[in-house]
Amino acid sequence: MIERLRWFLIRQRYRWQIVRHSGAELNRRVTVEAYLLDCAAGKRPLPDASKCRELALNLGVPSDFGRKL
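This note's numbering puts the first residue of the sequence shown at 129, with every later residue one more than the last.
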């Protein structure tokens with residue numbers, strides 16, 4: 129019984145984090161997609177390895193949980 133309650137609370141916590149950070153996730157995606165679309169249109173140079181890593185970190189790690197860019 130206590131174990132089921134524990135897992136229920138853990139699931140609720142992660143659901144709340146997803147709901148709370150969904151807007152920030154969309155904002156991160158929009159900035160990266162805009163940058164890549166500009167690269168595809170020829171408005172910016174193609175990203176090198178360090179810029180690709182920076183974009184991937186920006187996409188994959190929310191600022192509350194990871195390092196700030």
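Backbone N, C-alpha and C fix where the C-beta goes; we use that ideal spot for every residue, glycine too.
What three-state label does DSSP hand residue i in the structure shown?
i	result
L197	Confidence at L197 is low in this model, with a pLDDT of 42, below 50, so its placement is unreliable and the value that follows should be read with caution. It is coil, neither helix nor strand.
K179	helix
R139	helix
L185	helix
L154	helix
Within the same chain, show all residues whose beta-carbon is closer than 8 Å to that of residue i, passing over the 5 residues directly before and after it, in chain order.
i	result
T159	N186
K196	Per-residue confidence for K196 stands at a pLDDT of 46, beneath the threshold of 50, marking its modelled position as unreliable; the derived number appears in the next sentence. Counting only Cβ-Cβ distances below 8 Å, and skipping sequence neighbours, we find nothing.
Use the C-beta contact count for residue i: other C-beta atoms within 10 angstroms, 16 or more gives buried, fewer gives exposed.
i	result
R134	exposed
R156	buried
Inset, instruction - Report yes or no: do the stretch 144-160 and the stretch 169-178 share at least 3 C-beta pairs separated by less than 8 Å? - result: no
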